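Asks: Start counting the sequence shown at 3; every next residue gets the next number (the UniProt record's numbering).
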Amino acid sequence: ISKPAWWKDGTCYQIWPASYKDSNGDGLGDIPGIVSTLDYLKDLGIDIIWLSPMFDSPQADMGYDISNYEDVYPPYGTLADMEVLIREVHARGMRLILDLVVNHTSNEHAWFKESKKSKDNDKADWYIWRAPRIVDGKRQPPNNWRSIFGGSAWEYVPERDEYYLHLFCVEQPDLNWENQTTRLAIYDSAIEFWLKKGIDGFRVDTVNLYSKDTEYPDAEVVDAALPYQQATKYYVNGPRMHEWLKEIRREVLEKYGDVMIVGELPDTKSRDEILRYVSAQEQELGMVFDFDIFMLGGCGSIQKHELYQHALTDMKKAIMKTQGLVIGTDAWTTVVAENHDQGRSISRFATDDPKYHDKAGKLLAILLATLTGTLFIYQGQEIGMVNVPTSWGVEEYQDVSSQNYWNEMNVMYPGNEKLLKKALWALQKTARDNARTPMQWDGSANAGFTEGKPWMRVHDNYPEINVAAQRHDRDSIFTFWKHMLELRKTHSELFIHGIFKVCEFENLKTFTFIKESTSGDQALVVLNFSDEEQDIYIPASLKDENLELLIGNSDNQGKRLSAWEGRVYMRK
Ligand code: TEU
3 ISKPAWWKDG TCYQIWPASY KDSNGDGLGD IPGIVSTLDY LKDLGIDIIW
53 LSPMFDSPQA DMGYDISNYE DVYPPYGTLA DMEVLIREVH ARGMRLILDL
103 VVNHTSNEHA WFKESKKSKD NDKADWYIWR APRIVDGKRQ PPNNWRSIFG
153 GSAWEYVPER DEYYLHLFCV EQPDLNWENQ TTRLAIYDSA IEFWLKKGID
203 GFRVDTVNLY SKDTEYPDAE VVDAALPYQQ ATKYYVNGPR MHEWLKEIRR
253 EVLEKYGDVM IVGELPDTKS RDEILRYVSA QEQELGMVFD FDIFMLGGCG
303 SIQKHELYQH ALTDMKKAIM KTQGLVIGTD AWTTVVAENH DQGRSISRFA
353 TDDPKYHDKA GKLLAILLAT LTGTLFIYQG QEIGMVNVPT SWGVEEYQDV
403 SSQNYWNEMN VMYPGNEKLL KKALWALQKT ARDNARTPMQ WDGSANAGFT
453 EGKPWMRVHD NYPEINVAAQ RHDRDSIFTF WKHMLELRKT HSELFIHGIF
503 KVCEFENLKT FTFIKESTSG DQALVVLNFS DEEQDIYIPA SLKDENLELL
553 IGNSDNQGKR LSAWEGRVYM RK
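#1: Roughly how many whole angstroms lie between the Cα atoms of residue 628 and Val388?
#2: Using a 10 Å radius around the Cβ and a threshold of 16 neighbouring Cβ atoms, would you call Ile136 buried or exposed?
#3: On the three-state DSSP scale, how would you describe Ser564?
#4: Taking the straight line between their C-alpha atoms, what separation do you get for Trp113 and Lys125?
#5: So, at 6 Å on beta carbons, what are the nonlocal neighbours of Gly240 in its own chain, with the 5 sequence-adjacent residues on each side left out?
#6: Assuming contact is defined by CB atoms lying nearer than 8 Å, are Val504 and Phe515 in contact in what I supplied?
#7: Below 6 Å CB to CB, which residues in the same chain sit around Lys44 once its five sequence neighbours on both sides are set aside?
#8: Cβ of Gly302 within 8 Å of Cβ of Tyr310?
#9: Run through the region 352-409 for me and flag every whole beta strand (DSSP E) of 3 or more residues, listed as ranges in chain order.
#10: For Leu377 versus Val413, is the C-beta spacing smaller than 8 Å?
#11: Distance check for Val172 and Val159, CA to CA, integer angstroms please.
#12: Identify whether Ile329 lies in helix, strand or coil by the three-state DSSP scheme.
#13: With hydrogens ignored, establish whether the beta-carbon of Val209 is closer than 7 Å to any heavy atom of the ligand TEU.
#14: Tell me Leu102's beta-bridge partners as DSSP assigns them.
#15: Buried or exposed: which applies to Asp49, given that a residue is buried once 16 or more other Cβ atoms fall within 10 Å of its Cβ?
#16: Just to confirm the assignment, what range does the alpha helix (DSSP H) spanning Ile36 have?
#17: Please give the ranges of any beta strand (DSSP E) in the region 277-349, keeping only runs that are unbroken, at least 3 residues long and fully inside the region.
#18: By alpha-carbon positions, which one of Pro219, Arg252, Trp246, Ala227 ends up nearest to Tyr236?
#19: Note down, in chain order, each residue of its chain lying with its Cβ closer than 8 Å to the Cβ of Arg562, except the 5 sequence neighbours on either side.
#20: In the DSSP assignment, what are the bridge partners of Ser154?
#21: Which residue from Ala221, Arg97, Glu180 puts its Cα closest to that of Pro143?
#22: Can you confirm whether the region 248-262 touches the region 282-292 when touching is taken to mean that 3 or more C-beta pairs between the two stretches lie within less than 8 Å?
#23: Using three-state DSSP, classify Phe513 as helix, strand or coil.
#24: Between which two residues does the alpha helix (DSSP H) holding Thr481 run?
#25: Runs of 4 residues minimum, wholly inside the region 421-477: which ones carry the alpha helix (DSSP H) assignment?
#26: For residue 1, which of helix, strand or coil comes out of DSSP?
#27: Which one of Glu453, Thr331, Leu373 has the shortest CA to CA distance from Leu526?
#28: Quick one: grab the DSSP three-state call for Glu508.
#29: Regarding Ile295 and the ligand TEU, is the C-beta to nearest heavy atom distance less than 7 Å?
#30: I'd like the span of the beta strand (DSSP E) that includes Thr13, first residue to last.
#31: I want to know whether the region 172-185 touches the region 28-38 - three or more CB-CB distances under 8 Å.
#32: Excluding five sequence neighbours on each side, which residues of the same chain lie with their C-beta closer than 7 Å to the C-beta of Glu508?
#33: Given that a residue counts as buried once 16 or more other Cβ atoms are within 10 Å of its Cβ, and exposed if not, what is Pro55?
#34: Assuming Asp190 contacts Val261 under a Cβ cut-off of 8 Å, what Cβ separation, rounded to an integer in Å, is found between them?
#35: Please find out if some non-hydrogen atom of the ligand TEU comes closer than 7 Å to the beta-carbon of Glu506.
#36: Sorted by chain position, which residues of the same chain lie with C-beta nearer than 6 Å to Ile501's C-beta, five sequence neighbours on each side aside?
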């Protein structure tokens, strides 16, 4: 058996550059700011850093609209700053991965500026152009597809008298992957440029959307109230996806050794389909982020206000699915509960009630740190940052998808106070803004994030929840995470690589599971996801065994779990 890849055992920390750490007082995080915190991350027990887009960009979608893959957004720093970051990360024995955003570029990328000029320029078919459809003598988009961020997925360009496709914002035209010259340019500019600089891999944005149904048929009308329809069927996991991912592996990645490739895999439910991407034998991706956990309670649906409280069994199901990917296969999986597109895990999956906040944060740390796969922690998760306050007005929400949703609701339901109130309620629960409030470093002005005016409002609770308050406090969520990450490594066969078995699935209050290593070690993890005391379930196979407490999030010695209590037992 060969030694497991470094990217399997490593714990990865995601940095969202705008909101992480500002070093020059312009109110926006930056690369020198990141460098100044590397010892902090090392101390937490981080092995890999994933940096969200810091490339040059007009920031229509916070950097997921890239205008130059080979340069840095000036307020974040320079290429030289990135070189320092790469060096300093490596000097501490850590690794760095970047975001690879190649489904689309910015409309200000030189490729697109050229492409839109005419129908016969060099890059005329580097993007997806189609003729208008003429209905009753009027110009209409080529089909009825809805953009993921709302509105039509097509935008008209007079110079060409054609529309281009944008699955996301208008400012994010989709690249034409069918064109081999385009693909090679992408590989060269977005991938190899950075691998040559010494980065260790990529998180691949929307890794399954590049191959579309090139007939561009109309999508079925599911919601007649909407002017444009969800068309995922025609662009998710399209016919040439696997061919192209194999091409990237074969033609590009192979040259750079054991790079880490984690793909973001939206809208993919089937286990077999996921395995096509992550089975080692397929030679495509190392692992993916499955979306089931993020979609709990109807999150991610177009009508955000139709959100409901998911049941604990739904969450168990989502986790069983990702944990099950490694069973009987040669695939690898991920453990993730937060990122820059989601509400905070403590608010979504546990409770942010101040009475239970610390315990809930530690409960989630127990859950995540005992699961199999590469573990991802999002900035602020390690101190239990929570969703934005319910009192914030809509003007505090900065994200383009939040704003589009709000505008759409106002157009569709003008003056409907009740619905608009619900829409704001839904934003507070699901908006991407929840993950984008500035990192809470200390109790000083602006949470120590910036000495200037922060680009986005700092959460009101920063005097209570911040790094400085927690770092040296034995009882803090931070210290608990640190301890959990150490245990995860000490018992890596069990926690990082073990087999996961859920117990008493139907229980709606407690989440109980066994982890078992190939050498036969066993751990029992018991987690109370409720405000009330709960019994501890001990499966028959462990009834007569000697169970020793490894760690818990409470001093409770009792035979029952107190509210939001979690424990890990080891079989002696
Ligand atoms: O997200 C892809 C994606 O599917 C999102 O639409 C996701 O479903 C949504 O944000 C949930 O609220 C990636 C990036 O993570 C996101 O930040 C970008 O905006 C998007 O791609 C476009 O690049």
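In this text, a Cβ means the ideal position worked out from N, Cα and C, and glycines have one as well. The model shown is predicted, which means the values in this text are computed figures rather than measured ones.
Replies: Reading from the atomic positions:
#1: Not covered by the structure: residue 628. The range shown for the chain is 3 to 574.
#2: exposed
#3: coil
#4: 7 Å
#5: Ser213, Lys214
#6: yes
#7: Arg94
#8: no
#9: 376-380
#10: no
#11: 11 Å
#12: coil
#13: no
#14: Val206
#15: buried
#16: 33-37
#17: 289-292
#18: Pro219
#19: Glu535, Gln536, Asp537, Ile538
#20: Arg148
#21: Ala221
#22: yes
#23: strand
#24: 479-492
#25: 469-473
#26: Outside the modelled stretch of the chain, which goes from 3 to 574, sits residue 1, for which no answer is possible.
#27: Leu373
#28: coil
#29: no
#30: 13-17
#31: no
#32: Thr315
#33: buried
#34: Rounded, the Cβ-Cβ distance is 16 Å, inconsistent with contact.
#35: no
#36: Glu518
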